[in-house]
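As they're listed, the protein sequences go chains A and H. Under the UniProt record's numbering, the first residue of the first sequence is numbered 1, with each subsequent residue one higher. Under the UniProt record's numbering, the first residue of the second sequence is numbered 1, with each subsequent residue one higher. Below is one structure, written out as structure tokens; comments come after it.
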Amino acid sequence: MTVAPEGPLAHQQIALVDVLDRLLAGGVVITGDLTLRIADVDLVRIDLRALISSVNANVPSPWEEP
Amino acid sequence: MTEGLRYAYAVVRDTDAPQAARTALERVPGVAGEPVVAVRHLGLAVLAGTVPAEDFDEGPLRQRLDDMAWLERVARTHQRVVDTVGAESCVIPVRLATVCQGEEGLRRMLAAGRERFASALDRLEGRVEWGVKAYAATPVPEGPSAAQEPPAPEGPPAGTPSAPGGMSGRDYLRRRKAQRQATERRWGDTEEGARLVHDTLSGLAERARLHPPQDPRLSGVSDRNVLNAAYLVRREDSAAFAERVGELAGRTAALRVELTGPWAPYSFTAPDETDAPDETDARDGTDARDGAESTGAEG
């Protein structure tokens, strides 16, 4: 129905969840012993837990926990 | 100093672009407040900064990632660095929290990924990513209890009030059924609308990728997210793409459509695994959606 106004990203506060969609599921993945081994799955799981607990702490969710 | 941990933000070609990026980055510090510099090797350059081990070594980093405020600051800073570099040249964003051992680690990373980076830079040159999300407005239940109650298989259980307002059991069940069907129809429409939006935009984009629908608990948006997609579009086609998004949004009344971007091509750094025409990429996205739902369901 509506389209958010387009424009340079710098001029609007981008939702953190949109940023994390890209930074956690996108971007080139470097593997091997030259990088620290932060497994993708672990990272995403950690982040979701942090996000959800943080969101729940600040804003009571109208949804029941699954 | 060449030792210590290095946080990598992006890979670019080692042309004159790293110099321009470095100038632009002079006022854009990295995730630890550190200067971001270009480390060059084999015709490539990686933008990276020295970060303290007490925050970014493997153990501490895992702990830090549980801290929402820390994660947000790092993610937004990472994005700002990538955007700054991307404004000057074609950029391959590196995934969040990629940390190498010293400059030597960065150079080995460039050497190991040399072919992959070169082909990605060729593919992504002159392209930007646009994000499109579509939401279905949550249907408002008519009765106060209709949404919460589990379906009653054999009518209301004994001992509980059978139905509001002295309605007969049969009327009650009929009304419940009608409500359920209306809800299903509406969601059916929005799914169909989302598919139409995605198919149309995929046709305009070089590549498309479906991200998992966003969890309302993360996005803070209560409407059901039925489409969370990224599209790789030539920079010069961006205005036409955005215009098309607006047209599609107006055509599907049951959907609310949001456009974000332009983004650096975060969602398209991986080569097209099918090695087939680009359109197939979008259809593969259902797998990603299913997988992500199973990951995201448990907090």
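We put the beta carbon where it would ideally sit given N, CA and C, even for glycine.
Euclidean distance between Cα positions of T77 (chain H) and V51 (chain H): About 13 angstroms.
Heavy atom of the ligand PLP within 7 angstroms of E72 (chain H) beta-carbon: In terms of ligand content, the structure shown is empty, and the ligand PLP therefore cannot be addressed.
Interface flag, P29 (chain H) vs chain C, CB-CB below 8 angstroms: The question asks about chain C, but that chain is absent: this structure's protein chains are A and H.
Within chain A, the residues that G113 (chain H) reaches when beta carbons sit closer than 9 angstroms: Those within 9 angstroms of G113 (chain H) in chain A are V28, I30.
Validate contact between the segment 250-267 of chain H and the segment 129-137 of chain H using beta carbons, cut 8 angstroms, 3 pairs: Yes: at least three Cβ pairs fall under 8 angstroms.
Rounded separation between A21 (chain H) and E192 (chain H) - CA only: Going by the C-alpha atoms only, they are around 43 angstroms apart.
N- and C-terminal bounds of the alpha helix (DSSP H) containing R235 (chain H): First-last for R235 (chain H): undefined, no H or E at that position.
Simplified DSSP assignment, three categories, for T200 (chain H): Here T200 (chain H) sits in helix by DSSP.
Below-8 angstroms beta-carbon distance, P35 (chain H) vs any chain A residue: So, not an interface residue.
Chain-order list of residues whose beta-carbon lies under 7 angstroms from that of R80 (chain H) (same chain, five-residue window excluded): Around R80 (chain H): V28.
Min CB distance V197 (chain H) to chain A below 8 angstroms: By the rule that beta-carbons nearer than 8 angstroms mark a contact, V197 (chain H) does not touch chain A.
Neighbour-count burial assignment, D21 (chain A), 16 or more Cβ in a 10 Å radius: Under this definition D21 (chain A) is a buried residue.
Exposure label - R209 (chain H); buried when at least 16 CB within 10 Å: Classification of R209 (chain H): buried, given that the 10 Å Cβ count is 16 or more.
Contact with chain A by residue 338 (chain H), beta-carbon distance below 8 angstroms: No statement about residue 338 (chain H) is possible, as the shown extent of chain H runs from 1 to 299 and does not include it.
Chain A contact residues for E72 (chain H), given Cβ-Cβ distances below 7 angstroms: Result: L16.
CA nearest to the CA of N228 (chain H), picked from H:L65, H:G203, H:L121, H:H198: Minimum Cα distance to N228 (chain H) is reached at H:H198.
Integer Cβ distance of V116 (chain H) from H41 (chain H), believed to fall under 8 angstroms: Note that residue 116 (chain H) corresponds to Arg in the displayed sequence, not to Val. Taking 8 angstroms as the upper bound for CB-CB distance, R116 (chain H) and H41 (chain H) are not in contact here, some 14 angstroms apart.
C-beta neighbour in chain A for G86 (chain H), strict 8 angstroms: The Cβ of G86 (chain H) sits no closer than 8 angstroms to any Cβ of chain A.
Beta-carbon neighbours of H78 (chain H), restricted to chain A and to distances below 8 angstroms: In chain order: L23.
Euclidean distance between Cα positions of D119 (chain H) and V12 (chain H): According to the sequence provided, residue 119 (chain H) is Ser. The question's Asp does not apply to it. Cα-Cα distance, rounded: 12 angstroms.
Minimum Cβ-Cβ distance from H211 (chain H) to chain A less than 8 angstroms: Residue-level contact by beta carbon holds for H211 (chain H) and chain A, with a gap shorter than 8 angstroms.
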